[in-house]
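For the sequence shown, position 71 matches number 68 in this note's numbering, and the numbering has no gaps at all. All C-beta atoms, glycine included, are put in the ideal place defined by N, C-alpha and C.
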Amino acid sequence: MSYKIVRREEATFYEAPGHYDMRPTRLHNPEDVNDGRLVMGLSHFLPGGGCKFGSNPLESIYYIIEGEMDIETDDGKKTTLKQGDSFHCGPNTSKGIKNNGAVTCQMLVCLLPPEKKEVK
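Okay, here's the thing in structure tokens:
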């Protein structure tokens, strides 16, 4: 068993493809604990900021810490997540997100990359 503590000031910034008017920070990478696969970050979306409609190979959970975020799913439905709400979507599921609120949205993001298949 292992553990890793990441202090707020140790979070690293990175570029998130397809995102705009936001600042993502990485808290934990898969190699941080027990050779896991979980990625966790905290994203700050300015009003009007979001992510273009599309999909990626990652299973995702979004948890709204502060503010609100509109989510559009591939079935054309739209919903607004508010503080304390969460959203889960499977890999390769199309979605779009946008902060249509008046304040910065802080969103905890947990990602599970696909399992690497062993080559025999």
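Is it buried or exposed, residue i, if we count other Cβ atoms within 10 angstroms and call 16 or more buried?
i	result
residue 30	exposed
residue 61	buried
In this structure, how does DSSP classify residue i when only helix, strand and coil are distinguished?
i	result
residue 5	helix
residue 92	strand
residue 72	coil
residue 67	strand
Mind checking whether residue i and residue j have CB atoms under 9 angstroms apart?
i	j	result
residue 21	residue 11	yes
residue 85	residue 47	no
residue 120	residue 89	Outside the displayed range of the chain (-2 to 117) lies residue 120, so it cannot be described from this structure.
residue 108	residue 51	no
Between the options, which lies nearest to residue i when the distance is taken from Cα to Cα?
i	options	result
residue 43	94, 110 and 9	94
residue 9	18, 111, 25 and 19	25
residue 56	74, 0, 110 and -1	110
* **Unbroken stretches of the beta strand (DSSP E), 3 residues or longer, contained in the stretch 13 to 62** => Taken in chain order, the whole beta strand (DSSP E) runs of length 3 or more contained in the stretch 13 to 62 are 16 to 25 and 36 to 51.
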